[in-house]
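Encoded as structure tokens, the structure appears first; notes follow it.
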Amino acid sequence: MTQDRPLLGIALMLGFCVTIPVCDAIAKLLGDHIPVGQIVFARFAFQAALLLPLALLLGNSLRLPRHVLPYLLLRTLLQMGGVAAMFTAFRYLPLADAVAIAFVMPFIMLLLGKFVLGEEVGLRRLGACVVGFTGTLLVIQPSFAAVGLHALWPVLVALIFALFMLVTRKIAKHTEPVSLQAVSGLLATVLMLPLLWYGDVTNLAGLTLDMPPAHTWNLLIATGVMGTLAHLLMTWSLRYAPTSTLASMQYLEIPVAVFVGWWIFGDLPNALASLGILLTVAAGLYAVMREHKAARSLRRITPASDPV
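In my numbering, the protein residues as written are 5 to 312.
Structure below.
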């Protein structure tokens, strides 16, 4: 068991927010050459290959507590579904748009943290999430006429990963992050094999088996490495801070995604989207300052007080 350390949790989540858009951009580049199912398989296969030896080298046990195993299976299935849905969204939407639409997720996560896990959510923290969500709406500027129902893929991602983070939070204090991610990567790899076999036999779109072009192997490896690092950071952050604390911080992923989208794909936000980015950054910085103040005055807070 580990005591909450909100500032450390925030720092780790910031690392996640910087790393995951880079992984997303690589996956978007791969989407033009490789079926989504194979990208997802490579993502988790490299995660297992990287972390299983690391866990053993660190002397960590790969035998997780028995009560954690059902949550591990659920967490792995949610992660597989969320990654697959996001990689599919990148086939139809610009990187920044897909990430921005998916950012109804922290708002969903905050509400689930309050009503499902019973975590306390102060008015100021809730207000920061509302401001961040408003900024997200300005960035989204959805055009369902252009992409149709495919614009809903990131919404599905948001719901899946909100549940994923709540499950991770529930078991994070009872598991070592490297071991958890190693076993999860191995389990996902094993589960993907029959799915790919079935998809190839039935010629199911996105699950067919094709030999990746030679020039994509470096990108496949990079997807596995960056994705593994990002989710390790996220898992560690949830080990030290509740979901309601981290909800506002995740909005900072949006400006990073916009920058990466501009750098790699040449996509730039317009004036309205830029205003939305400023709001999300402001909400995230406000959350950091409030948590810093709360950490200093923690001993003076009573159980009935607003935690922020």
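Cβ coordinates follow ideal geometry from the N, Cα and C atoms, glycine included.
Residue i to residue j span [Cα, whole Å]
i	j	result
Leu170	Met215	36 Å
Val143	Ala277	4 Å
Leu55	Met109	27 Å
Pro69	Leu272	47 Å
Asp28	Leu99	8 Å
Ile305	Leu279	Annotation note: pLDDT 49 at Ile305 (below 50); position unreliable, no value reported.
Asp310	Thr249	For Asp310, the predicted model reports a pLDDT of 41, less than 50, meaning its position is unreliable; a value from the coordinates is still stated below. Approximately 13 Å, taken between the alpha carbons.
Leu116	Leu163	10 Å
Leu97	Leu34	14 Å
Leu200	Ala88	13 Å
Phe119	Ala166	13 Å
Ala218	Phe263	28 Å
Pro259	Ala209	32 Å
Val159	Gly63	39 Å
Tyr202	Gln185	26 Å
Arg303	Met253	Its pLDDT being 47, under 50, Arg303 is placed unreliably in this model, and the value from its coordinates should be taken loosely. Those two C-alpha atoms are separated by around 24 Å.
Gly86	Phe269	23 Å
Ile43	Leu60	26 Å
Val312	Pro10	Low confidence applies here, because Val312 scores a pLDDT of 35, under 50, leaving its location unreliable; read the following figure in that light. C-alpha separation (whole angstroms): 12 Å.
Ala15	His235	14 Å
Ile281	Val134	14 Å
Lys32	Phe45	15 Å
Thr80	Met196	11 Å
Leu213	Leu224	15 Å
Val229	Met17	17 Å
Ala139	Ala53	The residue asked about is misnamed: residue 139 is Gly in this sequence, not Ala. Those two C-alpha atoms are separated by around 39 Å.
Phe20	Leu211	28 Å
Residue i - containing alpha helix (DSSP H), residue span
i	result
Lys32	Pro10 to Leu34
Val264	Glu257 to Phe269
Gln42	Val40 to Leu61
Met351	The question about residue 351 has no answer, for the chain in this structure spans 5 to 312.
Ala192	Pro181 to Thr206
Ser241	Trp221 to Tyr244
Arg173	Trp157 to Ala176
Leu99	Leu99 to Ala106
Cβ separation of residue i and residue j, assumed to be a contact under 8 Å, to the nearest whole Å
i	j	result
Thr232	Gln51	4 Å
Met90	Ala104	No, Met90 and Ala104 are not in contact; Cβ-Cβ is about 13 Å, not under 8 Å.
Ala102	Phe94	6 Å
Glu257	Pro25	6 Å
Tyr255	Ala275	Contact doesn't hold; Cβ gap of about 19 Å is too wide.
Arg173	Pro246	7 Å
Thr227	Ile30	5 Å
Leu76	Val182	That belief does not hold up - the Cβ atoms of Leu76 and Val182 are roughly 14 Å apart, past 8 Å.
Quiz item: When the Cβ atoms of the stretch 236-247 are set against those of the stretch 170-184, are three or more pairs found closer than 8 Å?
Solution: The stretch 236-247 makes contact with the stretch 170-184, as at least three CB pairs between them are under 8 Å.
Quiz item: Is the number of C-beta pairs between the stretch 185-205 and the stretch 35-49 that are closer than 8 Å three or more?
Solution: When Cβ pairs closer than 8 Å are counted between the two stretches, the stretch 185-205 is seen to touch the stretch 35-49, the count reaching three or more.
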